[in-house]
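Report on the structure given below.
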Amino acid sequence: MPELVFFSGTMDCGKSTLALQIGHNRSARGLQGVIFTRDDRAGEGKLSSRLGLVTEAVEAARGMDLYGHLVGQMSKGDKVDYVIVDEAQFLAPEQIDQLARVVDELGLDVFAFGITTDFRTKLFPGSQRLIELADRIETLQVEAMCWCGARATHNARTVGGEMVVEGEQVVVGDVDRPAEEIGYEVLCRRHHRRRMTSAAARAGALSPDVLPVIPV
């Protein structure tokens, strides 16, 4: 039976790499798929991983009818055997509904990849709807690590190297951005609560204070 599967995890846990691998494996078997993405680090209409792999994709713009797009392709005679959606957390809830309709009415497997929560530990609307509708939810087994060595469970946004907890939910950035730019870092819950990024930890280690003040 076709399924809507949600692969979730923090940033830096290999979601896009797995999406590319799933596409490669099915392509090697002669299957043809459609890849949707939104706001990829490599630019519009791209699906990229931090390992340097990049492939072409369809930019799932705001307001785009994903179900209608696929029906249009299939009506023209294009073969579609499966659908991959990367950065699914950025999709609107109604677009997730469209993906469920793709599974139920077109009989296609849909593999959606996304971050569950934002830098404020709040659910992304797209991820929330996926949790509500998915036939199966898979937590990725490649564990991202906090600077302290513990398993990273939270995404932190940084500005000028300092963690922030206010601002727009979606601001495109990456874990590889220079400290002076808007960037992201994965942290364990303990250090996310304390707003202690790797830069803050290094600064604390160099401080003459034995017990640096840590916001709670």
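With our numbering as the guide, the letters of the sequence shown map in order to residues 1417 to 1632.
Glycine included, every Cβ here is placed at the ideal spot set by N, Cα and C.
Computed from a predicted model, the values in this text were never measured in an experiment.
Sequence-distant residues of its chain with Cβ nearer than 6 Å to residue i (five each side left out)
i        : result
Val-1501 : Phe-1452, Ala-1528
Pro-1541 : Pro-1509
Val-1581 : Arg-1536
Thr-1533 : Leu-1539
Alpha carbon of residue i to alpha carbon of residue j, nearest angstrom
i        : j        : result
Phe-1506 : Arg-1454 : 7 Å
Gly-1577 : Lys-1462 : 28 Å
Glu-1597 : Val-1575 : 6 Å
Leu-1420 : Ala-1516 : 6 Å
Arg-1606 : Met-1417 : 41 Å
Ser-1623 : Cys-1604 : Any answer about Ser-1623 is weak, because its pLDDT of 48 lies below 50 and its placement is not dependable; what the coordinates show is given next. The alpha-carbon atoms of Ser-1623 and Cys-1604 are separated by roughly 23 Å.
Asp-1375 : Ser-1432 : The structure shown does not extend to residue 1375, since the chain is modelled only from 1417 through 1632, so no value can be given for it.
Gly-1446 : Arg-1609 : 48 Å
Gln-1511 : Ile-1553 : 18 Å
Ser-1443 : Leu-1436 : 10 Å
Ile-1547 : Phe-1422 : 8 Å
His-1570 : Cys-1562 : 9 Å
Leu-1482 : Gln-1514 : 6 Å
Status (buried if at least 16 other CB within 10 Å, exposed otherwise) for residue i
i        : result
Gly-1523 : exposed
Ala-1473 : buried
Rounded Cβ spacing between residue i and residue j (contact assumed at less than 8 Å)
i        : j        : result
Tyr-1600 : Ala-1572 : 7 Å
Thr-1613 : Gly-1425 : About 19 Å; that fails the 8 Å criterion.
Gln-1544 : Asp-1497 : No, Gln-1544 and Asp-1497 are not in contact; Cβ-Cβ is about 28 Å, not under 8 Å.
Proximity test, residue i beta-carbon vs the ligand SAM heavy atom, cut-off 7 Å
i        : result
Ile-1451 : The ligand SAM is absent from the structure shown, which contains no ligand whatsoever.
Chain-order list of residues whose beta-carbon lies under 8 Å from that of residue i (same chain, five-residue window excluded)
i        : result
Glu-1460 : Glu-1475
Val-1587 : Arg-1573, Ile-1598
Val-1470 : Ala-1458, Lys-1462, Leu-1463, Ser-1464
Asn-1441 : none
Ala-1615 : Thr-1574, Gly-1577, Glu-1578, Ala-1595
Lys-1495 : Gln-1448
Own chain partners of residue i with C-beta closer than 7 Å, once the 5 adjacent residues on each side are dropped
i        : result
Ile-1438 : Ile-1500, Phe-1527
Cys-1564 : Cys-1604, His-1607
Would you check if the stretch 1511-1522 and the stretch 1478-1494 touch, i.e. whether three or more CB-CB distances between them fall below 8 Å?
Contact holds: three or more Cβ-Cβ distances are below 8 Å.
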